[in-house]
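Novice: The sequence shown begins at 813 in the working numbering and counts up one residue at a time. Note that the Cβ used here is the ideal one computed from N, Cα and C, for glycine as well.
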Amino acid sequence: MIGAGARLFRAAAVVLRVGRTANMYQSRSIICSTSTARFVHGDVRDANPVAVQMIDYALSHARSKKSEDSYSQGMLVLEQCLMAQPCDGRDAENSRGLVMLAMSTLLYEMGNFGDAMEKLRIIEDLKNSSLGVRVAAIEALVGLNLELGQDDASSVLADKCLELFSEESIESGSTESMIKSRALAVRGLIELVRGDLDSARVFFEGSDGEVDSAGNVALSYGQYLHCTMNFSSAKEVYQKVIQGTSENKGLAQTHLAACNMIPDEVILGATCALGQLESHMGNFTDAEEILTKALIKTEEHFGLSS
């Protein structure tokens, strides 16, 4: 199993890469002198409620003892759940997609990136599944590739995610609009990692309306503000992400997210980003305190095993 220190490092990996962009632009400046309840993850109303209950049980059981046995048993429950789902129909594909999102998350938490990514690729082929399910799968694939430093692969996947909306007429404020904001945010995040703020700006235009949202959209927007040296606004967004995500972990986003995009990982990422921001602002004591809290929280959620 992945130990707390290693998991915290993994959670901080993309944050730290984005932080290099913030450092770069900060140095240049010195030289040059919605509501959280909606959560941007859609819903799972088109999935089999029994499948959702089995997913919740499997995830809870796997993490209850934080051992190889408990994770193996959780995976077994999910495999049985997957086999019990029909093969055809939108509801069936949504249910199968949710099960495989959960399976990929457990595999990721076990350190098995390859199999986790394979489950996510299978979801891409579920053409009758909802946008929320497919976007969650591609979003997680992007996150894993970024964590592994495979930026080109991440970029291709993010573009593929945006293509899902190319023929859709999307009403502002709709569930589809909120799902699209996730696709835009993850594409912008890739440009931040690459250090291209001009390209990133295109994908974050209008995101100021999402600062009251929890989750990956708000976290990515906070990192954009961080990189553009809008430190006070970035700090506010990070704090709202931590609070809002914590308060809404029981909603549908738990199911429509996977791997390093699940709520607990978002909270860790936002906490690491906030600690890094305090360091950039010269508040080193605050930064140390925040990162210490992040390590403690990681130990509480994922255990100390290595």
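(1) Classify PRO898 as helix, strand or coil using the three-state DSSP reduction.
(2) With distances taken Cα to Cα, identify the nearest neighbour of LEU958 among ALA1106, LEU1031, LEU1001.
(3) Taking only the alpha-carbon atoms, compute the straight-line gap between LYS1047 and ASP971 and give it to the nearest angstrom.
(4) Whole angstroms are fine: how far does the CA of GLY923 sit from the CA of GLU1101?
(5) Using only the alpha-carbon positions, how far apart do LYS1109 and ASP1098 sit?
(6) Between the alpha carbons of ALA1030 and HIS1067, how many angstroms are there, rounded?
(7) Between the region 939-956 and the region 899-915, can you find at least three pairs of beta-carbon atoms closer than 8 Å?
(8) Using the C-alpha atoms, what's the distance from PRO1075 back to ALA1069?
(9) Check LEU1001 in the structure and name its three-state DSSP category.
(10) What residues in its chain sit with their C-beta under 7 Å from that of GLY955, if we drop five residues either side in the sequence?
(11) Between the beta-carbon of GLU905 and the beta-carbon of LEU953, is there less than 7 Å?
(12) Alpha carbon to alpha carbon, how far is TYR883 from ARG902? Give it in angstroms, no decimals.
(13) Use the C-beta contact count for GLN892: other C-beta atoms within 10 angstroms, 16 or more gives buried, fewer gives exposed.
(14) Going by the beta-carbon positions, is the gap between SER993 and GLU1003 smaller than 7 Å?
(15) Could you give the distance in angstroms between the alpha-carbon of LYS931 and the alpha-carbon of THR917?
(16) Leaving aside the five residues before and after TYR1036 along the sequence, list all residues of the same chain whose C-beta is less than 7 Å from its C-beta, in chain order.
(17) Do VAL1078 and GLY1027 have their C-beta atoms closer together than 7 Å?
(18) At the level of alpha carbons, what is the spacing between GLN1051 and ALA1082?
(19) Spatial neighbours of SER845 within its chain, please: CB distance less than 6 Å, with the 5 preceding and 5 following residues excluded, ordered by chain position.
(20) The alpha helix (DSSP H) that contains ALA1085, what's its start and end?
(21) With 16 as the cutoff for other CB atoms within 10 Å, does CYS899 come out buried or exposed?
(22) I need the boundaries of the alpha helix (DSSP H) containing GLU1017, first residue and last residue.
(23) Of the choices SER941, ASP1008, ALA965, GLY1094, whose alpha-carbon is the least far from that of LEU976?
(24) Closer than 7 Å by C-beta to GLN1055: which residues in its own chain qualify, once you throw out the five before and the five after it? Chain order, please.
Specialist: According to the structure shown:
(1) To locate residue 898, count along the sequence shown from 1; it is residue 86. The answer is coil: DSSP assigns PRO898 none of H, G, I, E or B.
(2) As a position in the sequence shown, residue 958 is number 146, starting the count at 1. Here the closest residue by C-alpha is LEU1001.
(3) In the sequence shown, residue 1047 corresponds to position 235, counting from 1. In the sequence shown, residue 971 corresponds to position 159, counting from 1. Answer to the nearest angstrom: the Cα atoms are 29 Å apart.
(4) Taking the first residue of the sequence shown as 1, we reach residue 1101 at position 289. Taking the first residue of the sequence shown as 1, we reach residue 923 at position 111. If I take the Cα positions, the gap works out to 28 Å.
(5) For the purposes of this step, residue 1109 is identified with residue 297 of the sequence shown, where counting begins at 1. For the purposes of this step, residue 1098 is identified with residue 286 of the sequence shown, where counting begins at 1. The alpha-carbon atoms of LYS1109 and ASP1098 are separated by roughly 16 Å.
(6) By one-based count along the sequence shown, residue 1030 stands at place 218. By one-based count along the sequence shown, residue 1067 stands at place 255. Whole-angstrom Cα-Cα distance: 19 Å.
(7) yes
(8) Residue 1069 sits at position 257 when you count from the first residue of the sequence shown. Residue 1075 sits at position 263 when you count from the first residue of the sequence shown. Near 8 Å, if we compare the C-alpha coordinates of PRO1075 and ALA1069.
(9) Position 189 of the sequence shown, counted from the start, is the residue given in the question as residue 1001. Residue state, collapsed to three classes: helix.
(10) Counting from 1 along the sequence shown, the entry for residue 955 is found at position 143. Within the same chain, GLY955 has close Cβ partners CYS1071, ASN1072, MET1073.
(11) Here residue 905 is taken as the residue at index 93 of the sequence shown, counted from 1. Here residue 953 is taken as the residue at index 141 of the sequence shown, counted from 1. Going by C-beta atoms, GLU905 is not nearer than 7 Å to LEU953.
(12) The residue labelled residue 902 in the question sits at position 90 within the sequence shown. The residue labelled residue 883 in the question sits at position 71 within the sequence shown. Looking at the two C-alpha atoms, the distance is approximately 29 Å.
(13) Here residue 892 refers to the residue found at position 80 of the sequence shown. Per the 10 Å Cβ criterion, exposed.
(14) The residue you call residue 993 lines up with position 181 of the sequence shown. The residue you call residue 1003 lines up with position 191 of the sequence shown. In this structure, SER993 keeps its C-beta atom at 7 Å or more from the C-beta atom of GLU1003.
(15) Locating residue 931 in the sequence shown gives position 119, where the first residue counts as 1. Locating residue 917 in the sequence shown gives position 105, where the first residue counts as 1. If I take the Cα positions, the gap works out to 10 Å.
(16) If you number the sequence shown from 1, residue 1036 lands on position 224. Excluding sequence neighbours, TYR1036 sits near GLY1000, LEU1004, ALA1012, PHE1016.
(17) Taking the sequence shown and counting its residues from 1, one reaches residue 1078 at position 266. Taking the sequence shown and counting its residues from 1, one reaches residue 1027 at position 215. Yes, they are a contact pair.
(18) Along the sequence shown, one-based indexing puts residue 1051 at 239. Along the sequence shown, one-based indexing puts residue 1082 at 270. If I take the Cα positions, the gap works out to 8 Å.
(19) As a first step, residue 845 is located in the sequence shown; it is residue number 33 there, counting from the start. Low confidence applies here, because SER845 scores a pLDDT of 32, under 50, leaving its location unreliable and the question unanswered by this model.
(20) Working through the sequence shown from its first residue, we reach residue 1085 at position 273. Looking at the DSSP string, the run of the alpha helix (DSSP H) that includes ALA1085 is 1075-1092.
(21) Here the question's residue 899 lines up with position 87 in the sequence shown. By the neighbour-count rule (16 or more Cβ atoms within 10 Å), CYS899 is not buried but exposed.
(22) Within the sequence shown, the letter at position 205 stands for residue 1017. GLU1017 -> no alpha helix (DSSP H), and no H or E assigned at all.
(23) As a working note, residue 976 is residue 164 in the sequence shown. When only C-alpha atoms are compared, the closest one is SER941.
(24) Translated into positions along the sequence shown, residue 1055 becomes position 243. For GLN1055, where only same-chain residues beyond five positions count, there are no Cβ hits under 7 Å.
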